[in-house]
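Counting along the sequence shown from 1, when you hit position 104 you're at 103 in numbering that gives the first Met the number 0, and nothing is skipped either side. Ideal Cβ positions, reconstructed from N, Cα and C, are used throughout, including at glycine.
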Amino acid sequence: MNRRAAALEALQVRLGRRFADPDLLDRALTHSSVKGSAAPRADNERLEFLGDRVLGLAIADALRRRDPEAEAGVLSKRLHVLVSREACAEMARKLDLGPALRLPGGETRRGGRTHETILADACEAVLAALFLEAGYDVAAKVIETLWRERLDAPMDLAQVNPKSAVQEWAAAARLPLPIYRELARSGPDHQPVFRVEVRVGEAWSAEGEGGSLQLAQKAAALALLARAGEAP
0 MNRRAAALEA
10 LQVRLGRRFA
20 DPDLLDRALT
30 HSSVKGSAAP
40 RADNERLEFL
50 GDRVLGLAIA
60 DALRRRDPEA
70 EAGVLSKRLH
80 VLVSREACAE
90 MARKLDLGPA
100 LRLPGGETRR
110 GGRTHETILA
120 DACEAVLAAL
130 FLEAGYDVAA
140 KVIETLWRER
150 LDAPMDLAQV
160 NPKSAVQEWA
170 AAARLPLPIY
180 RELARSGPDH
190 QPVFRVEVRV
200 GEAWSAEGEG
210 GSLQLAQKAA
220 ALALLARAGE
230 AP
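Structure below.
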């Protein structure tokens, strides 16, 4: 048994489901870059599209059941965070999807098996494969098991949208609106690291890093909120 076949076997054990249609699981783990390889195969883009909807429904229902009194706006904010690319990539790592991915050699050498977007897309595609293989109830049960820790954690609204939180803090303190500035970009094209500064007036500033400009801005906003919370 080769390394990828062993990874697929181990993945099915972690999912608690042996696929009657192994080609479906294989397709869920085949990145679109394989299209341009010497032996093109069906990729996971359509499954990713479906999995995103399956995940959204399952998480929305889990949130509704956990907090029957919560307002729709609060539930929507939690849903946005729980189905984010970062959350899906985290679950892909929990399932150890990296070794089971089908990638062309060039993408593997560029670190594709650990790339956040590739992992997140594969996670959604695997959830879609589960849905098609065994139905919604099975897929939803796997989703709720994987996401349980995140579902049960209390929500910090600043963590959900730190940029809005900084703007609200600045307004309440009668300070100017926050200004974000990209300071630097490093790393390879497939895995960049951005460094951003957020500044509010002359006295308040903080920096943050992330794998995208948006993530770096959020990190900077969180750093500034931490500073503001420590202020006398």
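Among the options, the one whose alpha carbon lies nearest that of residue i
i, options, result
"A17", "V137, F48 and R184", "The sequence shown places Arg at residue 17, not Ala. Checked all of V137, F48 and R184; the closest Cα to R17 is V137."
"R173", "V125, W203 and P187", "W203"
"R84", "A152, F130, A9 and E123", "E123"
"R3", "G111, A99, V125 and L126", "A99"
"S185", "G209, T29 and W146", "G209"
"P191", "V33, G15, G207 and L212", "L212"
"R180", "E47, T116, A205 and A128", "A205"
"A128", "E8, L24 and G15", "L24"
Which residues DSSP lists as bridging residue i, in chain order
i, result
"Y135", "Looking at the DSSP assignment, Y135 forms no beta bridge with any residue, so it has no partner."
"I178", "R198"
"W203", "V199"
"T29", "R101"
Buried versus exposed, by CB contacts within 10 Å (16 or more), residue i
i, result
"P231", "Low per-residue confidence applies at P231: pLDDT is 37, beneath 50, and the placement is therefore not dependable enough to give any value."
"E229", "Legend: pLDDT at E229 = 49, less than 50; position of this residue unreliable, value from coordinates given subsequently. That one is exposed."
"R226", "exposed"
"L176", "exposed"
"V141", "buried"
"G207", "buried"
"E47", "buried"
"V53", "buried"
"P67", "exposed"
"G15", "exposed"
"D120", "buried"
"E132", "buried"
CB contact flag (residue i, residue j, <8 Å)
i, j, result
"E196", "L182", "yes"
"R149", "A86", "yes"
"F178", "R198", "Checking the sequence, you will find Ile at residue 178 rather than Phe. Yes. Within cutoff."
"L145", "K93", "yes"
"P103", "S32", "yes"
"P161", "L74", "no"
"A57", "E143", "yes"
Beta-carbon separation (whole angstroms), residue i vs residue j, contact threshold 8 Å
i, j, result
"V165", "L224", "6 Å"
"G134", "T113", "Not quite, the Cβ-Cβ distance comes to about 32 Å (not below 8 Å), so this is no contact."
"L126", "G50", "4 Å"
"R26", "N1", "Rounded, the Cβ-Cβ distance is 18 Å, inconsistent with contact."
Below-8 Å beta-carbon distance, residue i vs any chain B residue
i, result
"A99", "Of the protein chains in the structure, only one exists, and it is not chain B."
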